[in-house]
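Take a look at the structure set out below.
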Amino acid sequence: MDALREARVKTFVDAFRFIADNPHLLLVKTAEHLELSGAALGIALLLALPVGLWLGHLHRGLFLAASISNVGRALPSLVLIAFGLTIFGIGFWNNTVALVVLAIPPVLTNAYFAVDAVDRDVVDAARGMGMTELQVLRRVELPLALPLVFAGIRIAAIFVIATATIAAIAGGGGLGAIIVNRASYGDAGVLAASLCVSALAFLAALILSLVRRAASRRPVPVP
Amino acid sequence: MTLAGGPVIPNFGSGSSCEVTNGWFCTDWVRQHWSDTLQPALVQHIELTVIAVAAGLAIAFALALAGFRYRLLDPPIGFVSDFLYTIPSLALFQILLPVTGISVLTVEIALVSYTLLILYRNMIEGLRAVPAEIVDVARGSGFTRIQTFTRVELPLALPTILAGLRIATVSTVSIATVASFVVAKGLGAPIFTALEQDVFKTEIFAAGGMVVALALVADGLLVLLQRALTPWTRSGRPA
Numbered sequence: 001m002d003a004l005r006e007a008r009v010k011t012f013v014d015a016f017r018f019i020a021d022n023p024h025l026l027l028v029k030t031a032e033h034l035e036l037s038g039a040a041l042g043i044a045l046l047l048a049l050p051v052g053l054w055l056g057h058l059h060r061g062l063f064l065a066a067s068i069s070n071v072g073r074a075l076p077s078l079v080l081i082a083f084g085l086t087i088f089g090i091g092f093w094n095n096t097v098a099l100v101v102l103a104i105p106p107v108l109t110n111a112y113f114a115v116d117a118v119d120r121d122v123v124d125a126a127r128g129m130g131m132t133e134l135q136v137l138r139r140v141e142l143p144l145a146l147p148l149v150f151a152g153i154r155i156a157a158i159f160v161i162a163t164a165t166i167a168a169i170a171g172g173g174g175l176g177a178i179i180v181n182r183a184s185y186g187d188a189g190v191l192a193a194s195l196c197v198s199a200l201a202f203l204a205a206l207i208l209s210l211v212r213r214a215a216s217r218r219p220v221p222v223p
Numbered sequence: 224m225t226l227a228g229g230p231v232i233p234n235f236g237s238g239s240s241c242e243v244t245n246g247w248f249c250t251d252w253v254r255q256h257w258s259d260t261l262q263p264a265l266v267q268h269i270e271l272t273v274i275a276v277a278a279g280l281a282i283a284f285a286l287a288l289a290g291f292r293y294r295l296l297d298p299p300i301g302f303v304s305d306f307l308y309t310i311p312s313l314a315l316f317q318i319l320l321p322v323t324g325i326s327v328l329t330v331e332i333a334l335v336s337y338t339l340l341i342l343y344r345n346m347i348e349g350l351r352a353v354p355a356e357i358v359d360v361a362r363g364s365g366f367t368r369i370q371t372f373t374r375v376e377l378p379l380a381l382p383t384i385l386a387g388l389r390i391a392t393v394s395t396v397s398i399a400t401v402a403s404f405v406v407a408k409g410l411g412a413p414i415f416t417a418l419e420q421d422v423f424k425t426e427i428f429a430a431g432g433m434v435v436a437l438a439l440v441a442d443g444l445l446v447l448l449q450r451a452l453t454p455w456t457r458s459g460r461p462a
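From first to last, the protein sequence lines stand for chains A and B. Residues 1 to 223 (the working numbering) make up the first sequence, in order. Residues 224 to 462 (the working numbering) make up the second sequence, in order.
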């Protein structure tokens, strides 16, 4: 039993040694990982935020928002990547499309429900003050909805970083490329990359949590 | 099906022309390999999911009891389950590998970790949302603390708990496919095999389609369970 425990400890020690010995490799892979995740999350935000916010503002499309959230959850990341691979072949688009598709549901649904839930009296008051619909959304509903909107972005970011790891199977690069290539990097390398990508995901989630907290403390701006 | 003719590269086995040319979906292949590949994988996938969700439900329930009764415990439990949730699945499987080895246990520990956050949060929120007056009335009518919990608080929290169960189950079906990278069980296994064999499309679409179908069926069954257990709610709240 002691020998086994020793072997386990050794694997983790080796992993940390791998991190210390290969800082450049891990930094390059981390940068790749962030690039792929960032691009996908950015595209997803551009597509999903306006739709979610506007539908929430109109209080319409409950069915759409709920279905997108349900269907999105039922689409496994590995399956999406594998499907993408058959359609687009190996490359940037395969993985980016898969990641964007995964990131849209949490962003869109949270944006929708966040704006939809804003106190209607407040919105009516804003309209009564002569605000246009866009001003109501931008200056009243959005600030009040911001914490929930960021909660959705945070979930999307966690999904995207996790799935970008799996995307390495389809030539996505990033830290996943080390994890899926045990033959080249060995047990220590695989474990090291796993620890790095976990730290990356945790940091991203932590930063977005802090942003969300800051957003919920921010006083509502007076127009 | 026409006979294979002309140069076809690459060769995907000795099957029909569709398989040889790696067509979009070869029904022949699915029929031939249903009983030796797809069906066992489906059964394994269901097993992995059911065990993970059941264990997750039990652990989350114990944690929720603790977090509900002693509010001080809620932040640390929430933080740990949130931390586990952020770890990318492929990485968590690899991190557990040196500890628990190539075994179903490794897969289950990871799968259970991912269910905890959603189940725990929904249980706590459901229990906390029970109006204090209702609890007071129950206590005033002579209910013991345990009776109040089992007959008043728990039933009123049930819709929220079941909404969490739906999300956790569907996510587990999804994440279990990634588990096949570490332990060749479940519907992920044929997908990884197909990816290694020059992206054999039929197997990817068949197994992938089955995962999505399984997730939707599981979700549908839980909606029915939700309606049966909580007939007073008209429909599940949008999760």
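Quick reminder that beta carbons are idealized off the backbone N, C-alpha and C, glycines included.
Taking C-beta atoms as the reference points, A:Ala82 and B:Ile318 fail to come closer than 9 angstroms.
With respect to chain B, the C-beta atom of A:Leu34 has no partner C-beta closer than 9 angstroms. For the segment 442-454 of chain B, the residues whose beta carbon sits under 8 angstroms from a beta carbon of chain A are, in order, Asp442. B:Pro311 reaches chain A at Ile161, Ala162, Thr165, Val197, Ser198 and Ala201, counting residues in chain order whose Cβ is nearer than 7 angstroms. Within the segment 57-126 of chain A, the complete alpha helix (DSSP H) segments of 4 residues or longer fall at 62-74, 77-88 and 92-116, listed in chain order.
With the criterion set as a beta carbon lying under 7 angstroms from some beta carbon of chain A, the segment 362-373 of chain B has no members that meet it. Looking at the backbone, the Cα of B:Ser304 and that of A:Leu62 are separated by about 30 angstroms. Following the DSSP letters along the chain, one finds B:Phe316 inside the alpha helix (DSSP H) bounded by residues Ser312 to Thr323. Comparing alpha carbon positions, the residue from A:Ala201, A:Arg120 and A:Tyr112 closest to A:Ile158 is A:Ala201. For the segment 3-19 of chain A, the beta-carbon criterion of a distance under 7 angstroms to any beta-carbon of chain B is satisfied by Arg8, Thr11 and Phe12. Comparing alpha carbon positions, the residue from A:Val107, A:Val115, A:Val149 and A:Ala199 closest to A:Leu58 is A:Val115.
For the 9 angstroms CB-CB criterion, B:Thr416 and B:Phe248 do not form a contact. B:Met346 is positioned such that its CB atom lies closer than 9 angstroms to that of B:Thr383. Residue A:Pro50 holds the alpha-carbon nearest to the alpha-carbon of A:Leu134 among A:Leu36, A:Lys10, A:Pro50 and A:Asp14. Residues of chain A whose Cβ lies closer than 8 angstroms to the Cβ of B:Ala287 do not exist, since the nearest Cβ in that chain is about 20 angstroms away. Along the segment 297-327 of chain B, going in chain order, the ones with a CB nearer than 9 angstroms to a CB of chain A are Asp305, Phe306, Tyr308, Thr309, Ile310, Pro311, Ser312, Leu313, Ala314, Leu315, Phe316, Gln317, Ile318, Leu320, Pro321 and Val322. Contact residues of the segment 82-115 of chain A toward chain B are Ala82, Phe83, Leu85 and Thr86 (C-beta to C-beta distance below 7 angstroms).
Those residues of the segment 329-361 of chain B placed with their C-beta closer than 9 angstroms to a C-beta in chain A do not exist. When C-beta distances to chain B are compared with 8 angstroms, the residues of the segment 58-82 of chain A below that value are Leu62, Ala65, Ala66, Ser69, Asn70, Arg73, Ala74, Leu75, Pro76, Ser77, Leu78, Val79 and Ala82, in chain order. Look at B:Gly431: its C-beta is under 9 angstroms from a C-beta on chain A. Across the structure, B:Ala399 and B:Val440 are spaced so that their CA atoms are roughly 16 angstroms apart.
Below the 9 angstroms Cβ cutoff, chain A contributes Pro76, Leu78 and Val79 as neighbours of B:Gly411, in chain order. If you look at B:Glu426, you'll find it in the alpha helix (DSSP H) that goes Lys424 to Leu452. Inter-segment contact for the segment 92-110 of chain A and the segment 64-74 of chain A is present: three or more beta-carbon pairs are separated by less than 8 angstroms.
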